[in-house]
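There are 2 protein chains.
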Amino acid sequence: MKPYKSLSKEELFSLFQELQTKYFELKNAGISLDMSRGKPGADQLDLSAPMLDVLNSTSSFKGAQGFDLRNYGQLDGIIEAKELFGELMDAPVDHVMVYGNSSLNIMYDLISRAMLHGIGGNTPWCKQEKVKFLCPVPGYDRHFAITESFGIEMITVPMDENGPDMDLVEKYVNNDATVKGIWCVPKYSNPSGAVYSDEVVNRMASLKPAAADFRIFWDNAYAVHHLYPENKAEIVNIVTACEKAGNPDMYYELCSTSKITFPGSGVAALITSPANIAEIKKSMTVQTIGHDKLNQMRHVMFFKNAEGIHKHMEKHAALIRPKFEAVLNTLEEELGGLEIGTWLKPIGGYFIAFDTIPGCAKRVVSLCKEAGVVMTPAGSTYPYMNDPQDTSIRIAPTLPSPADLKKACEVFVLCVKLATVEKYLSEK
Amino acid sequence: MKPYKSLSKEELFSLFQELQTKYFELKNAGISLDMSRGKPGADQLDLSAPMLDVLNSTSSFKGAQGFDLRNYGQLDGIIEAKELFGELMDAPVDHVMVYGNSSLNIMYDLISRAMLHGIGGNTPWCKQEKVKFLCPVPGYDRHFAITESFGIEMITVPMDENGPDMDLVEKYVNNDATVKGIWCVPKYSNPSGAVYSDEVVNRMASLKPAAADFRIFWDNAYAVHHLYPENKAEIVNIVTACEKAGNPDMYYELCSTSKITFPGSGVAALITSPANIAEIKKSMTVQTIGHDKLNQMRHVMFFKNAEGIHKHMEKHAALIRPKFEAVLNTLEEELGGLEIGTWLKPIGGYFIAFDTIPGCAKRVVSLCKEAGVVMTPAGSTYPYMNDPQDTSIRIAPTLPSPADLKKACEVFVLCVKLATVEKYLSEK
């Protein structure tokens, strides 16, 4: 098939009619499918069901440090869980805090605390005239929603398959003291699947921020979420990289078991310097009684160690790899050579980022919706939902069944074709 | 025995020597006991161990609304848990949000949200010149720690066995628009055990606040924590009272299972108007992925309904009632007639509030500590840890074993006697 851009007006029009006929057929088929959120499928959740048996009424409930895990106390998590996350993320135990079920909540609280109480003795952000965050794009909508909710100005930084444009990041961070943070998903990035290169991580760790209270929000959400056991991405460890660069307090690294065990009933962890931990614990004492230690112990008993988690993740991979491949194959088969879309082939994570030609993403998502396929709203991968080129679409392939996914992909590629033809026709 | 204040200097001095001898004996006995925090004993925690069996790998995980309880979603709690808390607290289901393990965290978040985003479209508190809270005393140290951490000015309001001085509350709230909230523990108050009278609750609900964003923080932490099954305190329902008074949005009512099942692994709930819930949910979407729905379901399956909770609480009462009575009996036997301390006899909750004569509380707590008995720091029951009369001490009898409690009480009453005699001697 020829690239669409090389088609004549007549060829485009005849194609348009053909695609439109197919579209109306699909629209009348009563499809109702969802490729909008990065939710595990029920088969993935079943993998962790046995975790609910490891702790029961006959358990001892005594932690390694002698505390009764059912009672109050241990604000920063039980030692067993700190050890598990420390091993998994390759961080010393005194760099680990274990929380409740939501790493998003940890990030929200970190920023809320910075707004109201400041970081490292500096003026609280809410009392500073202007606070800015760098937002590599395409990125995670919920990150952007947090910064937007606090009135923090968001600056987009383009990203490629090796991570954010570090020239730009250095320019902003090293010269502008109102730049207080950057959102990063360094491995299997949401949504592109990009993996930060060693150079990118090392340059990130070596920033010389103009603001003393600048922090890297290192959301390592997909640290162990490989699709191919034989082809695992490795990134430079942000903890040691920052320490080596003389910036030991500059990062907050996040991870969770939301997509390892149960979203909603997992365990999240913060990895950061002991100095940062001491500061956080001071205000956490006022904020909460602590987190669910029984659920922390449930995870520890189920996995035993990092190796247990890695083996478990291979089972996840076996379930979702075919779904990713089904989407990628459909994209390749249906759109290859047409030059109407680009995408990376992720080797981990939860998403596929798809770029239309400029000015088509919103139309594609809207056409999909009319035909019964819910996609993440176009623009979601940009701050303020504002994708200036209107190209970026996030595909979340994990939740639908394989059969549903096949049908949803058919709808999607048809809508991409139709929207592109409409666009070209309107310009002829 | 004669009241101490009627003793002559010589009698006091001879008593002082006698008490001091006993004190040094106790001090050398190597006692190490803790009456400082309202923690359940291990025997109480055992009551809920079977809850860990109700949900296991063979469960269905389907909620009544068809959702998979293991996956993301249902930000405001599962319907089953809303129904359970609604029945328990006598509130309509659309007035209930079910959270994670910490009602303290709900309160912190409510105030944090008011600080940063405001309430009901009003100016955020952090942008208002002055924000004040009323703090009935003696009260709960963690309430005061939250308001203090946000720089909110705290005004003490005296409390008796019927609740706060409502003349004063009305004067402040109805005339001063900088007064934005009041902390209340309406039933079995922490620490005095006071139960708000119908008149107090009705006057509270009928306030005509000068501030549109004034809220009552109704921490009903001990709603079902009766000590005597045949003598249960009942209070007027804040939901219906506020609605009747034309103030449907004026309250946030909190409760949790921290002292019903497991502190740290319980479930907390917020009860408030649908309008308040809508406002809270809007910012919660940004803050978190939601709370642990499996643990919510575990509670629902274990208790089935409010009656299940009430029966369970009778078992708690049977375990802690003897502890309360041991403390109260020792106080009565050892201090009765001496006029050196006053206390209420609580019929529920977790504490006994003890008042020394003015200027003695700190000394009593310090003497106890030297003798190996940790009490809640004197002053904790007042904002800023500042008890101007230095009289208020909180006794938490639930954690020690009965034998330990007996010993701790011996130390305590001896220290009260010694501190009082020291005080009187210094004034002669």
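These protein sequence lines are chains A and B, in that order. The number in this note's numbering is simply the position in the first sequence, starting from 1, with 232 added. The number in this note's numbering is simply the position in the second sequence, starting from 1, with 232 added. Glycine included, each C-beta is placed from N, C-alpha and C at the ideal position. Being a predicted model, the structure only gives us computed values, none of them experimental.
N-terminal and C-terminal residue of the beta strand (DSSP E) that residue i is part of
i	result
B:THR623	First-last for B:THR623: undefined, no H or E at that position.
B:PRO368	364-369
A:ILE414	411-416
A:LEU265	265-267
B:ARG447	447-451
A:LEU650	Element bounds for A:LEU650: not the beta strand (DSSP E) but the alpha helix (DSSP H), 634-659.
B:GLY573	573-575
B:ASP587	584-588
B:ASP392	385-392
B:MET329	328-330
A:VAL605	605-607
Beta-carbon contacts of residue i that lie in its chain and below 7 Å, excluding the five residues immediately before and after
i	result
A:THR180	Since the first residue of chain A shown is 233 and the last is 660, residue 180 of chain A is not available in this structure.
A:LYS646	First, the amino acid is wrong: residue 646 of chain A is Leu here, not Lys. Cβ within range, chain order: LEU251, LYS254, TYR255, LEU258.
A:THR504	HIS327, TYR483, TYR484, GLU485
B:LEU277	PHE494
B:SER268	VAL606, MET607, THR608, ALA628
A:GLU571	PRO235, TYR236, LYS237
A:MET347	PRO356, TRP357, CYS358, PHE382
Same chain only: Cβ atoms within 8 Å of residue i, ignoring 5 sequence neighbours per side
i	result
B:LYS241	LEU657, LYS660
A:ALA585	PRO370, PRO423, SER424, GLY425, TRP575, LEU576, THR613, SER624, ILE625, ARG626, ILE627
B:TYR340	ILE378
A:LEU244	TYR236, VAL653, TYR656, LEU657, LYS660
A:ALA651	THR588, CYS592, ARG595, VAL596, LEU599
A:VAL456	LEU320, ILE492, ILE541, HIS542, MET545
Limits of the alpha helix (DSSP H) - the one that residue i falls within
i	result
B:SER381	373-381
A:MET545	538-567
A:ARG530	525-535
B:ASP308	Segment: none, B:ASP308 is in no alpha helix (DSSP H) and carries neither H nor E.
B:ASP341	335-349
B:THR517	506-519
A:GLU242	241-259
B:ASP278	274-278
A:LEU502	Note, A:LEU502: premise wrong, no alpha helix (DSSP H); beta strand (DSSP E) at 500-503.
A:VAL596	593-602
Contacts around residue i, its chain only, beta-carbon distance under 6 Å, and the 5 residues preceding and following it disregarded
i	result
A:ILE351	ASP445
B:ALA313	VAL330, GLN528, VAL532
A:ALA409	ALA442, ALA443
A:HIS523	TYR331, GLY332
B:ASP195	Nothing about residue 195 of chain B can be read from this structure; chain B reaches only from 233 to 660.
A:TYR460	ILE579
B:SER335	LEU486, SER488, ALA500
B:PHE535	ILE541
A:ILE414	LEU366, ILE448
Integer Cβ distance of residue i from residue j, believed to fall under 8 Å
i	j	result
A:SER515	A:HIS327	In fact, because the Cβ distance is near 19 Å, the residues do not count as touching under 8 Å.
A:PRO620	A:LYS555	Contact doesn't hold; Cβ gap of about 31 Å is too wide.
B:TRP191	B:LYS412	For residue 191 of chain B there is no data in the structure shown, the boundaries of chain B being 233 and 660.
B:GLY295	B:LEU301	5 Å
A:ARG713	A:GLU402	Because chain A in this structure spans residues 233 to 660, residue 713 of chain A falls outside the shown range and cannot be described.
B:PRO418	B:ILE467	5 Å
A:TYR404	A:ILE387	7 Å
A:ALA473	A:TYR420	That belief does not hold up - the Cβ atoms of A:ALA473 and A:TYR420 are roughly 19 Å apart, past 8 Å.
Short CB-CB distance (under 8 Å) between residue i and chain C
i	result
B:PRO629	Checking the listed chains, one finds no chain C in this structure; the protein chains it contains are A and B.
Handout entry: Contained alpha helix (DSSP H) runs [length at least 4] in the region 453-497 of chain B, N- to C-terminal order
Key = If we require 4 residues or more, the alpha helix (DSSP H) runs fully inside the region 453-497 of chain B come out as 470-476.
Exercise for the section: Using a Cβ-Cβ cut-off of less than 7 Å, give me the residues of the region 590-622 of chain B that come near chain A, in sequence order. Expected result: Listed by position, the residues of the region 590-622 of chain B near chain A (Cβ gap below 7 Å) amount to none.
Handout entry: Interfacial residues, the region 513-540 of chain B to chain A, with Cβ spacing under 8 Å
Key = In summary, the residues of the region 513-540 of chain B whose CB is separated from some CB of chain A by less than 8 Å are SER515, THR517, VAL518, GLN519, THR520, ILE521, GLY522, HIS523, ASP524, LYS525, LEU526, ASN527, in the order they occur in the chain.
Practice task
Can you check the region 395-444 of chain B for any beta strand (DSSP E) of at least 3 residues that lies completely inside it and give the ranges in chain order?
Solution key: Counting only runs of 3 or more, we get 411-416.
Practice task
Could you run through the region 251-274 of chain B and flag, in chain order, every residue whose CB is less than 8 Å away from some CB of chain A?
Solution key: Only those residues of the region 251-274 of chain B whose C-beta falls short of 8 Å from the nearest C-beta of chain A are listed: ARG269, LYS271, PRO272, ALA274.
Exercise for the section: Please list the residues of the region 295-307 of chain B that have a C-beta atom closer than 9 Å to any C-beta atom in chain A, keeping them in chain order. Expected result: Hits within the stretch, in order: ASP300, LEU301, ARG302, ASN303, TYR304, GLY305, GLN306.
Problem - Under 7 Å (Cβ pairs) to chain B, residues found in the region 328-346 of chain A - result: Only those residues of the region 328-346 of chain A whose C-beta falls short of 7 Å from the nearest C-beta of chain B are listed: GLY332, ASN333, SER334, LEU336, ASN337, TYR340, SER344.
Exercise for the section: May I ask you to list, following chain order, the residues of the region 479-495 of chain B that have a beta carbon less than 8 Å from some beta carbon of chain A? Expected result: Listed by position along the chain: SER490, PHE494, PRO495.
Problem - Members of the region 448-471 of chain B near chain A, C-beta cut-off 8 Å - result: If the cut-off is 8 Å between Cβ atoms, the region 448-471 of chain B has nothing near chain A.
Practice task
Please name the residues in the region 346-358 of chain A whose beta-carbon is closer than 8 Å to at least one beta-carbon of chain B, in chain order.
Solution key: Of all residues in the region 346-358 of chain A, MET347, LEU348, HIS349, CYS358 have a Cβ within less than 8 Å of some Cβ in chain B.
Practice task
Would you list, in chain order, the members of the region 313-326 of chain B that have their beta-carbon closer than 8 Å to a beta-carbon of chain A?
Solution key: Taking 8 Å as the Cβ-Cβ cut-off against chain A, none of the residues of the region 313-326 of chain B qualify.
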